[in-house]
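Take a look at the structure set out below.
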Amino acid sequence: MTIRRRTVHSGGLPLAVYEQGDPARPTVLLVHGYPDTHAVWDDVAADLAVDHHVVRYDVRGAGGSGVPAARDGYRLEHLGADLFAVADAVSPDDPVHVVAHDWGSIQSWEAVTEPGAHRRIASYTTVSGPSLDHIGHWIRHRMRRPTPRHLRQLLVQGVHSWYITAFQLPYLAPAVWRLFLARAWPTVLHRMEAVTPRPGHPQPTLGRDAVRGIELYRANFRPVLRSPRERPTEVPVQLITLERDRYVSTFLSEGLERWVPHLTRRTLDAGHWSALLEKGGTVARLVREHVTRVAAGHVQGPPVSGRLAVVTGGGSGIGRATALAFAEQGDRVVVCDLDLAAAERTAELCGLVGPRAHAIRVDVSDGEAVDAFARQVAAEHGVPDVVVNNAGIGHAGTFLQTTEKEWQRVLDVNLWGVIHGCRAFGALMVARGGGGHIVNLASAAAYLPAKSLAAYATSKAGVLMLSDCLRAELAPHGIGVSAICPGIVATNITSTTTFSGTDPDEQAAKRAKATKAYARRGFPPEKVAAEILRAVRTGKPVVPVTFEAKAARLLGRLSPALLRRLARLDIG
Amino acid sequence: MSFPYDEHDLARFRETQQLAYHCAEQVAAWIEPGVTERQATAKLRRCLERAGVQDYFHVPFAWFGDRTAFRHFHTPLQFFAGGRRLEEGMPYVLDCAPVVDGYTADIGYGGKVGENPVWDRLAADLKVYRELILAEVRARKPLNEVYAAVDAQLAVHGYDNRHRVYPGRVIGHRVTRTTARGPAGVTLFGFGVRTLQTLGRELIGERLHGRSPLWADGRSSRHAPTPGLWAVEPHIGFRDVGIKFEELLVVTDDDAFWLDDDLPHVRRWTLQEEAA
Chain L
0 MTIRRRTVHS GGLPLAVYEQ GDPARPTVLL VHGYPDTHAV WDDVAADLAV
50 DHHVVRYDVR GAGGSGVPAA RDGYRLEHLG ADLFAVADAV SPDDPVHVVA
100 HDWGSIQSWE AVTEPGAHRR IASYTTVSGP SLDHIGHWIR HRMRRPTPRH
150 LRQLLVQGVH SWYITAFQLP YLAPAVWRLF LARAWPTVLH RMEAVTPRPG
200 HPQPTLGRDA VRGIELYRAN FRPVLRSPRE RPTEVPVQLI TLERDRYVST
250 FLSEGLERWV PHLTRRTLDA GHWSALLEKG GTVARLVREH VTRVAAGHVQ
300 GPPVSGRLAV VTGGGSGIGR ATALAFAEQG DRVVVCDLDL AAAERTAELC
350 GLVGPRAHAI RVDVSDGEAV DAFARQVAAE HGVPDVVVNN AGIGHAGTFL
400 QTTEKEWQRV LDVNLWGVIH GCRAFGALMV ARGGGGHIVN LASAAAYLPA
450 KSLAAYATSK AGVLMLSDCL RAELAPHGIG VSAICPGIVA TNITSTTTFS
500 GTDPDEQAAK RAKATKAYAR RGFPPEKVAA EILRAVRTGK PVVPVTFEAK
550 AARLLGRLSP ALLRRLARLD IG
Chain S
0 MSFPYDEHDL ARFRETQQLA YHCAEQVAAW IEPGVTERQA TAKLRRCLER
50 AGVQDYFHVP FAWFGDRTAF RHFHTPLQFF AGGRRLEEGM PYVLDCAPVV
100 DGYTADIGYG GKVGENPVWD RLAADLKVYR ELILAEVRAR KPLNEVYAAV
150 DAQLAVHGYD NRHRVYPGRV IGHRVTRTTA RGPAGVTLFG FGVRTLQTLG
200 RELIGERLHG RSPLWADGRS SRHAPTPGLW AVEPHIGFRD VGIKFEELLV
250 VTDDDAFWLD DDLPHVRRWT LQEEAA
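Protein chains in written order, with numbering that gives the first Met the number 0: chain L, 0 to 571; chain S, 0 to 275.
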């Protein structure tokens with residue numbers, strides 16, 4: 000496709016503008032970052048040009064554009080004005096859709112948060128570049144409320160921003176770029192971001208662009224962060240958070256809704272540059288979705304995170320609540336259950352609160368079936384980011400009461416079900432190399448012995464230890480493993496629990512009694528689901544949920560002998 | 000105790016219920032984003048009084064948004080209409096119980112403004128509960144078991160039991176022709192003074208027979224449905240959306256039926272089935 004070149008003048012400087020695609024189509028304006036030029040958008044632009052009027056330009060100081068005479072010329076107000084100048088030149092009648100990366104994103108925020116910007120900017124997709132004003136407020140908020148979490152965020156982002164400090168020093172950064180970094184840049188990108196080197200990248204002017212671009216940092220960071228302005232915007236914004244971004248932490252966008260009421264959040268499993276240079280197609284798809292949505296009059300997209308979660312035993316109880324909680328935060332969900340109708344119902348409910356979900360009938364105690372399930376999920380939906388091995392059954396009975404068959408059934412579902420799930424999905428996650436998280440549902444019974452729960456407690460203790468071993472093995476692959484120990488939670492596990500040595504009537508009575516006791520305790524599965532989501536977020540290894548689960552764990556540490564004595568009590 | 004009403008009485012009860020639903024529909028047609036709960040109940044009250052209502056079993060209620068699912072309800076005072084404004088996409092529930100010549104109706108009307116797919120699903124599934132309750136009562140199951148059957152169905156659907164938030168966790172209560180002589184139109188704690196008199200008398204009278212005029216899941220509901228009229232109000236919720244219907248169930252000596260099938264929610268289900 001031909002690229003048409005033209006020059007637009009802004010503030011006395013010529014800006015090199017590159018156009019492709021049909022000008023009658025909606026205009027998408029791509030703004031590059033540091034130390035790039037318009038060329039960093041090559042893949043994204045080629046993809047979008049099929050059905051859009053795609054416009055890119057070299058920002059002042061870079062590529063084919065003019066160079067400001069002094070540092071003052073790199074101030075945000077000029078950069079924002081440049082964007083409006085290009086937008087006015089290429090699309091005088093209709094507002095444009097802005098897409099920006101890195102420093103391009105920082106300067107586009109300047110334009111987007113300009114009062115009345117929504118008349119010229121129809122939508123904004125931002126990748127890895129926050130508004131400096133918003134960041135100024137973000138820092139202030141955290142300084143004022145120095146909770147451990149806030150302090151950690153400040154520290155982590157401070158470490159990640161080392162280069163910004165380095166850029167403030169005289170001579171050092173320009174010298175490093177001139178002496179070797181410009182030449183080594185393809186290798187750096189390859190090593191740090193797994194970007195495949197290719198002809199034309201980076202641009203031949205890299206050394207010059209990089210040295211001049213340092214002025215962007217020097218001219219703006221200190222003044223803006225020192226006294227941030229209030230910069231809200233009416234423009235619908237799509238924020239693409241890059242999960243493996245080394246420079247912009249994901250938590251920098253916390254609370255962005257304060258400034259941007261129409262915010263759509265998307266997450267992409269990519270690094271700072273690999274997002275554009277390796278996953279251009281995906282970025283283009285997200286942009287296309289956002290532009291189409293805004294054109295249709297929707298200022299906000301449905302919460303879709305792009306992550307995939309698999310929940311076994313998702314037809315009821317904790318499994319259903321967990322599937323719903325994942326769906327609610329925008330994850331795609333696949334639930335499996337022995338009861339297909341129940342799983343389908345969960346998927347339907349997930350679809351009401353989040354993206355479309357899917358249900359499959361699987362018997363987790365059947366290793367081959369679980370393997371086939373994992374292959375099917377991978378083929379139809381991709382490798383999951385989170386797997387929750389939740390399926391389990393209840394069984395009560397002392398050791399001598401419990402028959403061999405009952406032992407087998409309990410171990411098959413509760414322990415082998417988890418083993419099969421970890422094996423099938425763990426292998427997929429390792430092979431993909433993108434990290435992930437495995438959550439195994441153990442139980443407070445895993446560390447709380449009780450003579451009447453011999454088989455059940457044994458199976459759950461196995462799950463707890465399996466999780467501990469697996470965590471060590473998968474840690475180098477960036478895959479977390481959490482074991483959840485819920486305690487007494489009001490679910491239907493009590494109405495399907497089997498009791499050794501009872502006839503059907505006695506069993507029914509015991510089930511009713513247990514169900515009543517659990518209902519009286521009244522701990523809802525939704526709270527367990529919330530803990531599971533938190534474990535995935537924080538990577539917490541072992542999570543006792545209810546008070547009794549926490550107390551038993553503590554007691555087991557303080558006085559194991561007392562716990563052993565309690566195990567003799569007749570319960571259930 | 001045998002069934003105390005004749006055809007004429009049932010016709011009068013049906014008329015009062017129609018009147019109540021008619022007023023709820025009028026308010027539903029008028030309601031729009033920006034309206035507060037208090038404005039909605041005032042409108043409902045005016046509408047009912049214009050239609051000849053002199054007294055209330057309880058004052059009209061209106062719940063908007065997550066209040067339809069009784070989220071964050073800690074005190075009974077929160078049932079009363081407040082300043083919550085209706086917004087686009089919000090569900091709402093109107094509940095009123097007019098008395099005309101002693102004939103009482105108690106109705107619940109669920110609606111939404113704009114798009115709300117969760118509400119659509121709930122509203123369609125509500126039909127299952129209307130059929131389930133009737134079938135169970137016809138089978139003369141003890142009332143607490145019917146309550147448990149509703150809970151089991153809620154678990155299958157993945158919904159919450161929201162009627163348990165009502166005082167006494169009730170899914171229903173007896174309705175009689177009030178003959179009390181207290182002042183009409185005067186309410187105490189949201190209930191008509193005459194209602195309180197009648198209900199108090201019933202509570203004591205029924206207690207002597209080991210029954211209760213309130214239908215919940217406890218011991219006091221462990222008896223077959225008493226012949227007479229029951230206002231049944233399954234209230235189901237999912238996340239921040241709640242919906243209910245409330246209408247009179249006629250329990251005769253050997254059968255049971257809904258007093259009237261010509262009601263907004265039943266018509267909606269019929270339309271949906273025809274469309275499908």
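Cβ atoms here follow ideal geometry from the backbone N, Cα and C, with glycine treated the same way.
Closest Cα partner of residue i within the set the options
{"i": "Arg567(L)", "options": "Cys468(L), Ala474(L), Pro448(L)", "result": "Pro448(L)"}
{"i": "Glu229(L)", "options": "Asp132(L), Ala443(L), Ala474(L), Ala99(L)", "result": "Asp132(L)"}
{"i": "Leu121(S)", "options": "Arg344(L), Met191(L), Gly128(L)", "result": "Arg344(L)"}
{"i": "His162(S)", "options": "Asp100(S), Gly241(S), His71(S), Gly209(S)", "result": "Gly241(S)"}
{"i": "Ala44(L)", "options": "Leu78(L), Val98(L), Arg221(L), Lys404(L)", "result": "Val98(L)"}
{"i": "Trp229(S)", "options": "Leu195(S), Val169(S), Gly204(S), Ala275(S)", "result": "Val169(S)"}
{"i": "His380(L)", "options": "Ser364(L), Ala368(L), Leu427(L)", "result": "Leu427(L)"}
{"i": "Phe56(S)", "options": "Glu31(S), Trp29(S), His264(S), Gly189(S)", "result": "Gly189(S)"}
{"i": "Leu47(S)", "options": "Asp105(S), Asp8(S), His264(S), Lys126(S)", "result": "Asp105(S)"}
{"i": "Pro226(S)", "options": "Thr175(S), Leu18(S), His234(S)", "result": "Thr175(S)"}
{"i": "Leu133(S)", "options": "His73(S), Phe2(S), Ile235(S), Val249(S)", "result": "Val249(S)"}
{"i": "Ile2(L)", "options": "Ile492(L), Ile437(L), Val535(L), His37(L)", "result": "His37(L)"}
{"i": "Gly79(L)", "options": "Thr402(L), Asn219(L), Arg190(L), Val158(L)", "result": "Asn219(L)"}
{"i": "Trp184(L)", "options": "Glu113(L), Trp272(L), His149(L)", "result": "Trp272(L)"}
{"i": "Lys526(L)", "options": "Leu554(L), Thr490(L), Arg139(L)", "result": "Thr490(L)"}
{"i": "Leu532(L)", "options": "Gly435(L), Asp569(L), Phe424(L)", "result": "Gly435(L)"}
{"i": "Ser442(L)", "options": "Gly432(L), Val462(L), Glu76(L)", "result": "Val462(L)"}
{"i": "Pro475(L)", "options": "Ser64(L), Arg422(L), Gly432(L)", "result": "Gly432(L)"}
Run of the alpha helix (DSSP H) containing residue i, from where it starts to where it stops
{"i": "Lys243(S)", "result": "Premise fails: Lys243(S) lies in the beta strand (DSSP E), 240 to 243, not in any alpha helix (DSSP H)."}
{"i": "Asn143(S)", "result": "142 to 156"}
{"i": "Tyr91(S)", "result": "Counting along the chain, Tyr91(S) falls outside any alpha helix (DSSP H), though it belongs to the beta strand (DSSP E) covering 90 to 99."}
{"i": "Asp5(S)", "result": "Neither: Asp5(S) is in no alpha helix (DSSP H) and is coded neither H nor E."}
{"i": "Tyr128(S)", "result": "116 to 137"}
{"i": "Leu399(L)", "result": "Note, Leu399(L): premise wrong, no alpha helix (DSSP H); not H, not E."}
{"i": "Thr269(S)", "result": "263 to 274"}
{"i": "Ile163(L)", "result": "161 to 167"}
Within chain S, partners of residue i - CB distance below 8 Å
{"i": "Val352(L)", "result": "Val117, Arg238"}
{"i": "Arg319(L)", "result": "Gly157"}
Residues that residue i contacts on chain L, provided the C-beta gap is smaller than 8 Å
{"i": "His156(S)", "result": "Arg344"}
Closer than 6 Å: residue i CB and nearest the ligand NAD heavy atom
{"i": "Glu18(L)", "result": "Within the structure as shown, the ligand NAD is missing, as the structure has no ligands at all."}
Beta strand (DSSP E) segment containing residue i, residue limits
{"i": "Asn625(L)", "result": "Residue 625(L) is absent from the model: chain L starts at 0 and stops at 571."}
{"i": "Lys111(S)", "result": "106 to 111"}
{"i": "Trp62(S)", "result": "54 to 63"}
{"i": "Leu307(L)", "result": "307 to 311"}
{"i": "Ile478(L)", "result": "478 to 484"}
{"i": "Glu242(L)", "result": "236 to 243"}
Closer than 7 Å at the beta carbon, the chain L residues around residue i
{"i": "Arg139(S)", "result": "Chain L residues near Arg139(S): none, gap ~21 Å exceeds 7 Å."}
{"i": "Arg120(S)", "result": "Leu351"}
Where residue i meets chain S, residues with beta-carbon distance less than 7 Å
{"i": "Asn491(L)", "result": "Ala154"}
{"i": "Leu337(L)", "result": "What Leu337(L) touches in chain S: nothing, since even the nearest Cβ is about 15 Å away."}
{"i": "Leu238(L)", "result": "Those do not exist, as Leu238(L) stays about 23 Å from chain S at its closest Cβ, beyond 7 Å."}
Chain-ordered chain S contacts of residue i [CB-CB under 9 Å]
{"i": "Leu532(L)", "result": "Simply none; closest approach about 15 Å."}
{"i": "Leu447(L)", "result": "In chain order: nothing, as chain S lies at least about 27 Å away."}
{"i": "Leu153(L)", "result": "The premise fails here: Leu153(L) is roughly 33 Å from chain S at the closest Cβ pair, so nothing lies under 9 Å."}
Should the segment 537 to 555 of chain L be called in touch with the segment 478 to 497 of chain L, which here means at least 3 C-beta pairs below 8 Å? yes
Listed in chain order, which residues of the segment 266 to 280 of chain L have Cβ atoms closer than 7 Å to some Cβ of chain S? Interface annotation for the segment 266 to 280 of chain L against chain S: empty, criterion Cβ-Cβ distance under 7 Å.
Report yes or no: do three or more beta-carbon pairs, one from the segment 355 to 370 of chain L and one from the segment 327 to 336 of chain L, lie closer than 8 Å? yes
Between the segment 136 to 146 of chain S and the segment 91 to 104 of chain S, are three or more C-beta pairs nearer than 8 Å? no
Along the segment 72 to 106 of chain L, what residues have a CB closer than 8 Å to any CB found in chain S? none
Check whether the segment 252 to 265 of chain S and the segment 206 to 213 of chain S are in contact - that is, three or more C-beta pairs closer than 8 Å. No: fewer than three Cβ pairs fall under 8 Å.
So does the segment 209 to 227 of chain L actually touch the segment 55 to 64 of chain L, counting three or more Cβ pairs closer than 8 Å? yes
Contact the segment 445 to 462 of chain L vs the segment 275 to 287 of chain L: 3+ CB pairs below 8 Å: no
Counting pairs of beta carbons, one from the segment 357 to 373 of chain L and one from the segment 458 to 474 of chain L, are three or more of them closer than 8 Å? no
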